[in-house]
Every structure is written in C-alpha cells, then in structure tokens.
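Numbering (UniProt numbering), first residue to last: 1 to 319.
No residue lacks a Cβ here, since even glycine has one placed at the ideal position from N, Cα and C.
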Ligand code: NDP
C-alpha cells in the first residue's frame, strides 16, 4: 500500500506475555502496521495512550486506567483469563487468534498423544525399561474409538486429523456440528454416551462457567476401564482429585496432560510420580507471530475505522 493511502493507526498497542517473544511480535506487527507504536507492559507508559492490547494472562489490574482501550487481542485461543475481569473497561471487544497454523500445531500434539495410546507405546516403553521383548499385536485403527470434546477451531482440526489416521472418531460440542467421517454429538444429554464409548478421550473445550469441572468423578467413571485421557484444554475442566484416584485405581489406563488447575503443576503433586501419566508444561500449541499478525493488524484497522472486529469472543458465552 502506498504510504499516503495507508490508514493511520492512533494510540499504542501494549504487549504482555511471560511466554511469548515480544521482539518477534513487535516486529511482526510493525511489518504490517508501520505506524503502530508497540510498548511492552514492563516499559513506562501512559495508560491513556493505550488503544490496543495483545496479552496472554496479564496480571489482575494490568488494564486499570487504560480508559481508551478499544481492542484486546488474546494471545492465544483460550480466553478464560480475560472474560469477566474487573479491570477491563466496559464493552471493550475481546478477540482471539484463530490461526490454521495454531490448529495444525495442536492437531500434531493430539495426534502424537492419541497414536501413542492407539499403538500401545506406553506398554512398550514399560517393557523396554524391564529389558523385555513384549510382543502385543497392533489393534486396527478403526477399532480404537477416540472422543473429542469440543469441535471448535482446534477440536475440529484435530478430529479430522485423527479420522485421517483411520481411527473411529466421535465428536461432542454445544451446538450440532457436521464433520465428515466424524460421528458428531451435541448437548449435555449425549455426553454420557460419548464418554462410555471412548477408548481415548481428548478434551478440547474452552473453560467457561458451564464447562468448569465438567469431567467430574462420575463422568470420568463412565469411560470404559483402561481408557486414556488427553487434556490439552484447561486443567479446571477435570476434577483433578478424581483423576488422580482413577489413574491410581487403573480405571483410567493413562493420561497425557498439558494443562493443570494450578500451573506450574506444584512440585510434589502426585501426578508427577505416576508412571501412566505424561506431563507437558502447557505448550500443546502456541500463537505464531508471522502467521497471526495479519489478522491482528486487520482487526486494529477495523476497530480504528469503527467496524466490528473479527473473531470476537462472546463474554456471555465465555468463548
Ligand atoms: P473454540 O472456541 O473455537 O471451540 C470451542 C468448542 O467447544 C466448540 O465446539 C463449542 O461448541 C464447544 N463447547 C463450548 N462450550 C461447550 C459446552 N458447554 N458443552 C459442549 N461443548 C461446548 O475453541 P478452540 O477450539 O479454539 O480451543 C479450545 C480450547 O483449547 C481453548 O479454549 C483453550 O482453552 C485450549 N487451548 C489450549 C492450548 C494449549 O497449548 N494447551 C492452546 C490453545 C488453546 P460449539 O461448536 O457449539 O460452539
């Protein structure tokens, strides 16, 4: 675009994340919007000059006094740490990143974790530790039933990838969805049936008032004995005490956990010592500056022209 016809972006964008690379985001944003002034949350700034925020898990009070805030971009997909906060100016739109690369990265993690169970890899890992050649005939992929809870941007992509592997895939969402090759269910009335048929359960739901604690003891017990749980969504969706008990009793055969009620998972938590648990520190997928900066820039331009931003979160729905 010719410099003179370029829309002028007023105000600054503030950045906050303990995990993401500020310089990479600043450069990616400024490559698209050269007029955009970026400021890191730790730098001195006038709160009134902040019009846009790009933030991941900003501490409470972070947005205090940013009275000219026009757009908050959640630096990721899960917006539970932003919705309902008291330090946000009323009505300021919250948007999330929806990026095919982020979905692909998540699908890669889910695929790895699911196939690890579908191919009995934990069994062979244990046999190797004992120095044992323990032949177990592979199951046919379609004999392995995987249930994906949450068929949104990330869940639908993962369900499709799993299906591509020939696994039998069930999906569950709030409203009816249609994904080729996936047996889709929706609504609370179908949850128990989906759970009772899952050899591997993949949790990809947002954390909302409706989903908090959804996988309680009773629902986890509906899974067939020996089922595996993969949680890449949020720890608080699952009753962690029940999870510990069921992993210990063998009702759950194993778990791959990327998210926890308390993060970092405290030292000494019983999960750390369980042989049938694989723990990763909340990184199943991340936002990638080069591929997500474009949609953030578009939204800044939309908001500065008085238009509705894309990918807006519905605070009433919580996602
Ligand atoms: P979306 O908002 O795109 O989709 C959410 C899905 O969950 C939709 O299918 C929705 O149903 C369904 N859902 C929401 N509430 C309910 C409910 N009460 N009952 C049944 N289904 C429900 O989310 P994404 O796919 O983008 O992401 C999912 C979650 O993954 C994020 O919220 C985040 O917590 C987590 N995440 C984790 C990461 C990690 O690194 N571990 C990285 C990124 C995200 P419907 O289709 O009807 O709307």
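Problem - beta strand (DSSP E) runs wholly inside the segment 23-78, at least 3 long, in chain order - result: 37-40, 50-55 and 71-74
Problem - Spatial neighbours of residue 107 in its chain, beta-carbon cut-off 7 Å, leaving aside the 5 residues before and after - result: 157, 158 and 161
Handout entry: Proximity of residue 97 and residue 79 at Cβ, strictly below 8 Å
Key = no
Exercise for the section: Assuming residue 203 and residue 183 form a contact by the criterion Cβ under 8 Å, report the distance between their Cβ atoms to the nearest whole angstrom. Expected result: Contact flag wrong, Cβ pair sits at about 18 Å.
Handout entry: Beta-carbon proximity check, residue 296 vs residue 114, cutoff 8 Å
Key = no
Problem - Pick from 31, 19, 150 and 56 that is closest to residue 75, judged by C-alpha positions - result: 56
Problem - Proximity of residue 315 and residue 83 at Cβ, strictly below 8 Å - result: With contacts defined as CB atoms closer than 8 Å, residue 315 and residue 83 qualify as a contacting pair.
Handout entry: Inter-residue CB distance, residue 186 and residue 197 (contact presumed, cutoff 8 Å)
Key = Not quite, the Cβ-Cβ distance comes to about 15 Å (not below 8 Å), so this is no contact.
Practice task
Would you mind stating whether residue 15 and residue 54 have Cβ atoms separated by less than 8 Å?
Solution key: yes
Practice task
Report the residue ranges of all beta strand (DSSP E) runs contained in full by the segment 92-180; include only those spanning at least 3 residues, in chain order.
Solution key: 145-149 and 168-173
Exercise for the section: Check the C-beta distance from residue 242 over to residue 217 and give it rounded, since I have them as a contact under 8 Å. Expected result: 4 Å
Handout entry: Distance cut-off 7 Å: residue 25 Cβ against heavy atoms of the ligand NDP
Key = no
Problem - Proximity below 8 Å, CB of residue 211 to CB of residue 237 - result: yes
Exercise for the section: Specify the secondary structure class of residue 288 as computed by DSSP and reduced to three states. Expected result: coil
Exercise for the section: May I ask whether a heavy atom of the ligand NDP can be found less than 7 Å away from the beta carbon of residue 233? Expected result: yes
Exercise for the section: Mind checking which residues open and close the beta strand (DSSP E) that includes residue 183? Expected result: Unbroken beta strand (DSSP E) run through residue 183: 183-186.
Exercise for the section: With a threshold of 16 other CB atoms inside 10 Å of the CB of residue 167, please say whether the residue is buried or exposed. Expected result: buried
Handout entry: C-alpha distance - residue 18 paired with residue 103, whole-angstrom precision
Key = Going by the C-alpha atoms only, they are around 22 Å apart.
Practice task
Determine the burial state of residue 284: buried for a count of at least 16 other Cβ atoms within 10 Å of its Cβ, exposed for fewer.
Solution key: Residue 284 is buried by the Cβ-count criterion.
Handout entry: Secondary structure of residue 256, DSSP reduced to three states
Key = strand
Problem - One or two residues paired with residue 312 in a DSSP bridge - result: Answer is 95, bridged to residue 312.
Problem - Residue closest to residue 193, alpha-carbon to alpha-carbon, out of 178, 222 and 176 - result: The shortest CA-to-CA distance from residue 193 to any of 178, 222 and 176 is the one to 222.
Exercise for the section: Kindly indicate the opening and closing residues of the beta strand (DSSP E) around residue 202. Expected result: 200-203
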